[in-house]
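Chemist: Handing you a structure now.
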Amino acid sequence: MGDHQQRVILAKLGLDGHDRGIKVVARILRDAGMEVIYLGLRQTTASIVAAAEEEDADAIGLSMHNAGHLTLGPKMAEAITAAGLDIPLIIGGIVPDEDVEELMNTGIAAVLGPGASAEEVVATVQDAISARDKA
Amino acid sequence: MGTEENQELNARKAWELEYQKASLRDSNFETMSGVPVEPVYGDDLFPGQYPYTRGIYPSMYRSRLWTMRMFAGFGTAEDTNLRFKELLRNGGTGLSTAFDMPTLMGRDSDSEWSLGEVGRAGVAVDTLADMEDLFADIDLSQVSTSMTINGPAATLLAMYVAVAEQTGVEPHQLAGTIQNDILKEYQAQKEYIYPPRPSMRIVTDMVKYTTAEMPKWHPISISGYHIREAGSTAAQELAFTLANGFSYVEAAIAAGQNVNEFGKRLSFFFNSHSDFFEEIGKFRAARRIWARWMKERYGATDEKAMLCRFHTQTAGVSLTAQQPEINIARVGIQALAAALGGTQSLHTDSFDEALALPTEDAARIALRTQQIVAHETGVVNVADPLGGSPYVEWMTDEMERQAEAIFAHLDDLGNGSILEGTFNGIENGYFVGEIADAAYRFEREVNSGRRIIVGVNEFTDGDNPEDRNLLRIGAETEEYQLKRLNDVKTKRNQEHVNSALSEITAVASDPTRNLMPAIIAAVKTYATEEEIANAMEVVFGTYVEKAIV
């Protein structure tokens with residue numbers, strides 16, 4: 349992959365409108381040299397997959413604050429696989445520690461909790477992308 | 006004696022007269038050591054006097070403590086009903102309802118959008134049947150109820166009126182507040198259904214209806230809370246909130262309402278964050294600015310229509326997921342700032358809210374925290390105890406100065422109308438851009454270590470994630486609610502539903518008619534929230550925000 353600028357799709361899936369975190373993450377990833385495509389609020393798994401295909405994205409990031417992660421996270425992961433995309437899905441937001449393992453078992457590449465530093469955010473996204481590239 | 010001294014003397018005399026009329030709580034009003042204290046200190050401006058910088062009542066908390074209003078709602082309506090009764094038994098004095106995301110967005114539990122969200126972040130309400138369960142065995146003529154809902158606010162208010170009617174309680178007996186502040190949805194919270202202009206028509210219809218039928222009801226709670234949570238500064242929270250207030254006033258005046266009538270029924274909702282003096286300055290400035298604008302710009306002559314009454318909630322966004330128990334200290338400090346700022350009601354956040362919805366224990370600790378402020382600290386004995394402090398007065402002036410600069414920008418944007426300036430600011434991304442910039446600045450400071458958040462970027466030892474006991478809402482809530490909705494749909498008279506919905510669409514198409522009676526009629530047929538939302542959507546359209554980072 350080399351000099352390819354990493355391209356990340358960020359979106360809010362479903363009804364949850366808490367967008368403070370995802371907007372900050374968008375700027376952090378941009379500052380780190382990535383290309384960020386923020387789809388905005390009220391996206392569906394279909395609209396996110398379509399955008400990822402169209403933009404040839406390297407990763408998808410979802411932000412979840414309404415305790416819907418155990419339902420919507422795996423649903424999104426399934427939709428990505430069903431579309432034949434091999435890119436990591438990262439979830440950020442309010443996710444209790446004990447749910448992280450379950451999410452990881454359903455195909456989510458990484459979970460970023462509240463208080464993650466900018467460095468952690470960037471490293472998590474980069475690691476998830478390179479793990480997929482090596483696989 | 007100079008004129009100035011005369012005025013000061015007159016101000017004191019006028020205040021004393023008002024204070025003597027007030028009934029006081031049964032208390033000695035002395036310190037813990039037995040030193041008696043005056044109801045207020047200082048010489049020039051007194052509480053209850055225009056522009057109310059020092060408080061809206063002459064006797065403030067000596068007459069009545071703030072209402073301890075704890076926001077609650079999760080799972081099914083029956084679950085939340087139990088929590089309500091528990092809060093009332095524990096000395097809570099007002100009910101406050103949190104609805105789940107589908108309810109807030111005007112979606113039914115069986116909508117495909119609702120998957121994974123039913124009953125999670127609040128209570129699920131689809132039809133009047135859920136509202137009947139929510140308020141079962143609570144005498145609605147005796148409590149004051151706050152409902153936090155905006156996009157579909159008219160429908161939820163209609164359901165509340167209908168439930169009350171079933172138990173023989175008339176609309177004029179109902180006391181409470183519905184948030185119904187749609188403008189801040191486009192700016193911060195993002196729970197809108199229709200575009201801004203038709204949404205303002207619904208709000209104005211509700212103002213008209215409640216002004217005529219529900220004199221004890223506050224039809225809008227103009228809310229800065231969410232603006233702050235979304236990342237704004239204190240001054241932006243103050244300015245955007247009051248500007249939204251001016252917008253509702255301009256819309257109501259344009260609709261022929263009397264500013265002295267509906268002005269009395271407006272109330273506000275602010276955030277109390279951790280920067281202690283900035284918050285207190287913000288609360289004081291809010292009262293002063295609101296009074297001046299209502300009087301000077303909008304021509305209010307009744308003093309009650311100039312009062313900035315407000316509810317306060319401690320800052321959820323300040324709570325940390327790391328070492329969550331230390332959030333109890335943050336909440337205590339924020340609650341104290343709200344009391345010193347003269348709030349009329351207060352919700353204190355539970356320490357576990359950065360992790361999940363609060364457990365019953367955490368909610369109890371939060372209530373106890375504000376009870377300590379009210380009953381142990383003595384701050385309730387003296388009105389505006391920090392008034393006259395050079396720093397506090399300077400901070401109040403500074404908050405006002407920053408807010409006025411923002412009003413001038415919006416006034417300019419709207420060619421002399423704050424309402425049009427606000428519509429334009431929503432359209433051109435001004436509000437969301439300003440808020441996102443402020444949020445990012447804050448995160449950079451935390452990330453660089455220039456701003457210390459205890460437990461997050463400093464003092465991080467002692468976090469024990471394995472000890473946490475969090476509230477979990479299982480899938481059974483969703484299953485129960487889907488069955489309940491299906492049962493209601495099966496039993497209701499579909500013809501009645503259909504004709505009530507058609508009537509809503511007809512009224513929506515005619516801006517001279519008020520939507521409230523048609524919505525009340527529809528909820529009584531057990532039409533669902535989403536059906537009612539759709540009946541208006543065919544006329545009003547929907548709103549999609551441009552995704553701006």
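Line by line, the protein sequences give chains A and B.
FYI, the numbering for the first sequence is 349 to 483, going by my numbering.
FYI, the numbering for the second sequence is 6 to 554, going by my numbering.
For every residue, glycine included, the Cβ atom is placed at its ideal position computed from N, Cα and C.
Nothing here was measured: the structure is a model prediction, and the numbers come from that model.
Beta-carbon within less than 7 Å of B:K300's beta-carbon, same chain only, minus the 5 sequence neighbours each way: which residues are those?
Modeler: Hits under 7 Å: M311.
Chemist: Please check the pair B:E458 and B:T374, which I expect to be a contact at CB under 8 Å, by giving their CB distance rounded to whole angstroms.
Modeler: Note that residue 458 of chain B is Ile in the sequence shown here, rather than Glu. At roughly 20 Å, the Cβ-Cβ gap does not stay under 8 Å, so B:I458 and B:T374 are not in contact.
Chemist: So what does B:M75 bridge to, in DSSP terms?
Modeler: According to DSSP, which records beta bridges pairwise, B:M75 is partnered with B:L100.
Chemist: Along the chain, which unbroken stretches of the beta strand (DSSP E) at least 3 residues long are found entirely within the region 178–236 of chain B?
Modeler: The region 178–236 of chain B contains these whole beta strand (DSSP E) runs: 180–183, 225–228.
Chemist: Around the C-beta of B:R67, are 16 or more other C-beta atoms found within 10 angstroms, so that it is buried, or is it exposed?
Modeler: Flag for B:R67 reads buried.
Chemist: State whether the region 352–362 of chain B contacts the region 287–302 of chain B, with contact taken as three or more CB pairs (one from each stretch) at a distance under 8 Å.
Modeler: They do not touch, by the three-pair rule.
Chemist: Specify, as a first and last residue, the run of the beta strand (DSSP E) that A:M412 falls within.
Modeler: Segment 407–412, the beta strand (DSSP E) holding A:M412.
Chemist: Helix, strand or coil for A:M349? Go by DSSP, reduced to three states.
Modeler: Confidence at A:M349 is low in this model, with a pLDDT of 47, below 50, so the placement of that residue should be treated as unreliable; the coordinate-derived value is given next. In this structure, A:M349 counts as coil in the three-state DSSP scheme.
Chemist: Below 8 Å on the Cβ atoms is my contact criterion, and I expect B:L109 with B:E196 to pass it. Report the Cβ-Cβ distance as a whole number of Å.
Modeler: Confirmed, Cβ separation roughly 5 Å.
Chemist: Using DSSP's beta-bridge definition, name the partner residues of B:P395.
Modeler: DSSP lists no partner for B:P395.
Chemist: Can you give me, in chain order, the residues of the region 461–476 of chain B that have a beta carbon less than 7 Å from any beta carbon in chain A?
Modeler: Correct list: V461, P470, L475.
Chemist: Report the residues of the region 323–340 of chain B with a CB closer than 7 Å to any CB of chain A, ordered along the chain.
Modeler: From the region 323–340 of chain B, only T325, A326, Q327 have a Cβ closer than 7 Å to chain A.
Chemist: Cutting at 6 Å between CB atoms, please list the residues of its own chain near B:A368, excluding the five before and the five after it.
Modeler: Result list for B:A368: S355, in chain order.
Chemist: Closer than 8 Å is the cut-off here; do at least three beta carbon pairs connect the region 173–193 of chain B with the region 216–231 of chain B?
Modeler: Yes, since at least three Cβ pairs between the region 173–193 of chain B and the region 216–231 of chain B fall closer than 8 Å, the two stretches touch.
Chemist: Could you pull the DSSP bridge partners for B:S151 from this structure?
Modeler: Bridge partners of B:S151: B:S101, B:T182.
Chemist: Run through chain B and tell me which residues come within less than 7 Å of A:G365, C-beta to C-beta.
Modeler: Those are Q194, K195, E196, listed as they occur along chain B.
Chemist: To which residues of the same chain is A:V452 closer than 6 Å at the C-beta, ignoring the five residues directly before and after it?
Modeler: Position check: residue 452 of chain A holds Met in this sequence, whereas Val was assumed. Same-chain partners within the cutoff: there are none.
Chemist: Check whether the region 20–40 of chain B touches the region 469–476 of chain A, taking contact to mean three or more Cβ pairs, one atom from each stretch, closer than 8 Å.
Modeler: At 8 Å Cβ cutoff, the stretches do not touch.
Chemist: Are the CB atoms of A:L433 and A:G409 within a distance shorter than 9 Å?
Modeler: Contact: no.
Chemist: Taking 8 Å as the threshold, find out whether the region 400–414 of chain A comes into contact with the region 369–379 of chain A through three or more Cβ pairs.
Modeler: With a cut-off of 8 Å, the region 369–379 of chain A and the region 400–414 of chain A count as touching, because enough Cβ pairs lie within range.
Chemist: List the residues of chain A whose Cβ lies closer than 9 Å to the Cβ of B:I478, in chain order.
Modeler: Within chain A, the residues near B:I478 are A415.
Chemist: Give the residues of chain A in contact with B:V128, contact being defined as C-beta atoms less than 8 Å apart.
Modeler: In chain order: nothing, as chain A lies at least about 14 Å away.
Chemist: Closer than 8 Å is the cut-off here; do at least three beta carbon pairs connect the region 529–547 of chain B with the region 508–520 of chain B?
Modeler: The answer is yes - the region 508–520 of chain B touches the region 529–547 of chain B, with three or more Cβ pairs under 8 Å.
Chemist: Would you grab the beta carbon distance between B:E308 and B:Y531 for me? Rounded to a whole angstrom, and I think it's under 8 Å.
Modeler: With a Cβ gap of about 44 Å, B:E308 and B:Y531 do not count as contacting.
Chemist: Going along the region 377–407 of chain A in order, which residues come within less than 8 Å of chain B, judged by CB to CB distance?
Modeler: Per Cβ criterion, the list reads R378, V384, Y386, L387, G388, L389, R390.
Chemist: Please report whether the beta-carbon of B:E550 lies at a distance below 9 Å from any beta-carbon of chain A.
Modeler: At least one chain A Cβ lies under 9 Å of B:E550.
Chemist: If you draw a straight line from the alpha carbon of A:N414 to that of B:F545, how long is it in whole angstroms?
Modeler: Taking the straight line joining both Cα atoms gives about 28 Å.
Chemist: Count Cβ pairs between the region 372–391 of chain B and the region 130–142 of chain B that sit closer than 8 Å; are there 3 or more?
Modeler: In short, these stretches do not touch, since the Cβ pair count stays below three.
Chemist: Is it right to say B:W222 is buried, meaning 16 or more other beta carbons lie within 10 angstroms of its own, or is it exposed?
Modeler: By the 10 Å Cβ count, B:W222 comes out buried.
Chemist: Should the region 335–342 of chain B be regarded as contacting the region 265–284 of chain B, the criterion being three or more beta carbon pairs within less than 8 Å?
Modeler: Segments in contact, yes.
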